[in-house]
Amino acid sequence: MFEISAIRKNKISFEDYDFKQDLELRLFLSKLDKNSVSVLEEIIYSSLKTAIDKILKNLEISKIELIKILKNFEKFNLLKIENENIEIDKKIRNFFEFECQRFDKNFKEDLYFVSRLLQKIPIHVLPIWYYLPRSSNNIFNSIIEKFFKTPNLYKRYLDNIEHETPLFTFAIQEIFKSENFTIETKLIKDKFSFTDEELTEALIFLELNFICFVTYVEIDCEYIETATLFTEYKTFLNHLKTFKTIEIKDLDNLIKKRDSDFGFVQDMHFVLESLQKPSEIKSIKDKLKKHISKIDPKIHIANSYLDSVIDKLIKIKYVSFKDNILSKNDSSNEWLLMDNEKKVLHLYYHPLNTFQYENFNEISLKEAEKSISKVINCGYVYFDDFIINSFANVSEERSIELKPFGKSYKYVFPTYNIEETKFIKSVIFDRLFEAGIVSIGSIKAKDCFRVTKLGKLLFEEV
1 MFEISAIRKN KISFEDYDFK QDLELRLFLS KLDKNSVSVL EEIIYSSLKT
51 AIDKILKNLE ISKIELIKIL KNFEKFNLLK IENENIEIDK KIRNFFEFEC
101 QRFDKNFKED LYFVSRLLQK IPIHVLPIWY YLPRSSNNIF NSIIEKFFKT
151 PNLYKRYLDN IEHETPLFTF AIQEIFKSEN FTIETKLIKD KFSFTDEELT
201 EALIFLELNF ICFVTYVEID CEYIETATLF TEYKTFLNHL KTFKTIEIKD
251 LDNLIKKRDS DFGFVQDMHF VLESLQKPSE IKSIKDKLKK HISKIDPKIH
301 IANSYLDSVI DKLIKIKYVS FKDNILSKND SSNEWLLMDN EKKVLHLYYH
351 PLNTFQYENF NEISLKEAEK SISKVINCGY VYFDDFIINS FANVSEERSI
401 ELKPFGKSYK YVFPTYNIEE TKFIKSVIFD RLFEAGIVSI GSIKAKDCFR
451 VTKLGKLLFE EV
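With the first letter of the sequence shown counted as 1, position 125 gets the number 125 in the working numbering; the numbers rise by one all the way through.
Shown next as structure tokens:
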């Protein structure tokens, strides 16, 4: 996969292909009314030589109006009228056939359409425009790998070029704040005071930079020119909206692991304060258990939790352990003077506080941590509900990637195997809990968690 940092400004030049014909055709089509589009569709699906009356019988217009429309197409060399017959130019019709699909109510501005759009451009030009390897066996596959392979890759591409021109900035910002990521092109025209020709030129440039694509929407028997994202990405964004983890409303039976969001570091603090002199580990664990029972009387305190507190102190070398004896180290003195928030942040970023899990690396860890951003504004959620709607790329096999399905493509969402699910749960219920980023508990033996105030500060813009 291409690294986004290697993406340079696209080198698109209208001089590299028959832009004049493209512009004239697009400008002409943008002014068509409903009847003209209906006539064009008949021409596209007719034989190259046909009678005017044969076309007329499939239309709900007069012969006078039909001839008027045909003469308009004749000016563009699409056809020649000879008495009661017309002769259609096959080459020009191919151009019209491709562009006419934009008027179809079922039209999809998908990547298959984009691949055909690029067929207008001489194939040797594309590697220059998009900085592709000249040795590429399949130019369009290389374009997919560079720009579209994952949703994050495409979004980073947009972020990378957004401020190259005021046109890019305006189009991207307006599309992303619009309903269904679609805007009327009139917005662009009015913003920059474009003429019709200048608008069409701008729209072609936006398409060739993969920012948005033109389609026509019929409203009250009139076609409105719009610009929108490519279908696969738009479908992905709309799909995300439907994936919502439901917040738990009834918390009457909630049993928290620790009542305080900073419970784990408070327990670490208690152990250190208890080690005024070296002590047996069993004695310290008994003291810690009594202490927790006193301040959180409702919770069940497992030996594994007591072990985790002491193990953490040993891991970051705040205590030493030898011959069953625990001793406090001087390295903990500064930490003991910190407030709770600073304590958890210090623990979270401590270089010795590594999180090791077989078959997963640092990137997997960060992806699992970031997954909580999906429920950052929720209260408690069940982990089992959360994992269904989680898209953490904890392995290459689990990334959201573009997959081919015949001539079409689709962003495929990951599902996790047992090992991956356990890993994500361990990251949230161990590492992030210890750092005060999430609060964890259970309701009728079902594990749940919520993002804490600190967690929201750390992950709200991830």
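Just so you know, even glycine gets a beta-carbon here, dropped at the ideal spot from N, CA and C.
G406 counts as exposed, since fewer than 16 other C-beta atoms from the protein chains shown sit within 10 angstroms of its C-beta. Excluding its 5 nearest sequence neighbours in each direction, K328 has C-beta neighbours in its own chain below 6 Å: L272, L275, V319, listed in chain order.
Following the DSSP letters along the chain, one finds N303 inside the alpha helix (DSSP H) bounded by residues 303-315. Take F181, set aside five residues on each side of it, and the residues of its chain with a beta-carbon closer than 7 Å to its own are I175, T228, L229, K234, L237, in chain order.
L25 is positioned such that its CB atom lies closer than 8 Å to that of E99. The alpha-carbon of F73 is positioned some 50 Å away from that of F391. Proximity of the segment 251-268 to the segment 292-310 meets the contact definition, three or more beta-carbon pairs being nearer than 8 Å.
Sixteen is the threshold: when 16 or more other Cβ atoms of the shown chains lie within 10 Å of the Cβ of L199, as they do, the residue is buried. Residues I314 of the same chain have their beta carbon placed closer than 6 Å to that of F321, with the five preceding and five following residues left out of the count. For Y348, the secondary structure class from DSSP, reduced to helix, strand or coil, is helix.
According to DSSP, residue pairing for V214 in a beta bridge involves A227. For C448, the enclosing beta strand (DSSP E) stretches over residues 446-451. Between I43 and R116, the beta carbon gap of about 20 Å keeps them out of contact (Cβ cut-off 8 Å). Sequence-distant partners of Y409 (beyond 5 residues in either direction) whose C-beta falls short of 6 Å from its own C-beta, in its chain, are L111, E232, L402.
The beta carbon of D16 lies closer than 6 Å to those of V125 in the same chain, with the five residues before and after it left out. In the three-state reduction of the DSSP assignment, P404 falls in the strand class. Burial state of R450 is buried, judged by a 10 Å Cβ sphere holding 16 or more other Cβ atoms.
Ranked by Cα distance from D323, the first of K312, K34, S279 is S279. Cβ neighbours of N85 within its own chain (closer than 8 Å, five residues either side excluded): K49, T50, A51, I52. Between E201 and K9, the C-beta gap is not smaller than 8 Å, which leaves the two residues out of contact. Residue pairing by DSSP places E460 opposite no residue, since no beta bridge is assigned to it. Closest option to E247, judged by alpha-carbon separation, among V394, D385, A445, D33: D385. The alpha-carbon separation between L79 and S46 amounts to approximately 12 Å. Cβ-Cβ distances below 6 Å link D447 to F383 in the same chain, with the five nearest sequence neighbours on each side left out; the list follows chain order. Within the segment 226-308, the complete alpha helix (DSSP H) runs of at least 4 residues fall at 231-242, 263-274, 281-295. In the DSSP assignment, F423 falls within the unbroken alpha helix (DSSP H) covering 418-426.
Straight-line measurement puts the Cα of F103 at about 20 Å from the Cα of L187. Close CB contacts of I387 within its chain, under the 8 Å cut and outside five residues either way in sequence, are with Y416, T421, I424, K425 (chain order). For F321, the uninterrupted beta strand (DSSP E) segment begins and ends at 319-322. Distance from the CA of I139 to the CA of L132, rounded to the nearest whole angstrom, comes to 8 Å. In the three-state DSSP reduction, N83 falls in the coil class, being neither helix nor strand.
Classified as exposed, F243 has fewer than 16 neighbouring CB atoms from the shown chains inside 10 Å of its CB. For T354, there is no enclosing alpha helix (DSSP H), as DSSP marks it with neither H nor E. Selection L288, F433, K277, E41 evaluated against N303 yields L288 as nearest (Cα-Cα). Nearest to V214 by alpha-carbon distance, out of K366, K370, F107, is F107. Burial state of G379 is exposed, judged by a 10 Å Cβ sphere holding fewer than 16 other Cβ atoms.
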